[in-house]
Amino acid sequence: MRRTNDLAVLIERWFTDRLMKHRGVSSNTIAFCRDTFSSCLRSHRRALGDPHRS
């Protein structure tokens, strides 16, 4: 498994295990956090450049 996939799995587990099971947040909250996190990553990629596209 590539490192990127490892990070994705860890983030997904954190959202589902920690937030849903331990903190009791709704699936809508999880979706909002996911979308916000993705938007933030895209914004940083545009600002800093994508190191994978050389």
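Take the sequence shown: its position 40, counted from the start at 1, is 85 in the numbering used here, and no numbers get skipped.
Backbone N, C-alpha and C fix where the C-beta goes; we use that ideal spot for every residue, glycine too.
Computed from a predicted structure; not experimentally measured.
| Boundaries of the alpha helix (DSSP H) in which Thr81 is found, first to last residue | Ser72 to Leu93
| field | Alpha-carbon to alpha-carbon, Leu52 and Ser88 | value | 18 angstroms
| What did DSSP end up calling Cys58 once you bin it into helix, strand or coil? | The sequence given here places Arg at residue 58; Cys does not occur at that position. Arg58 falls in the helix class under three-state DSSP.
| query | What separation, rounded to the nearest whole angstrom, lies between the Cα atoms of Asp84 and Arg68? | reply | Before going on, a small fix: residue 84 reads as Ser here, not Asp. Between Ser84 and Arg68, the C-alpha separation is close to 23 angstroms.
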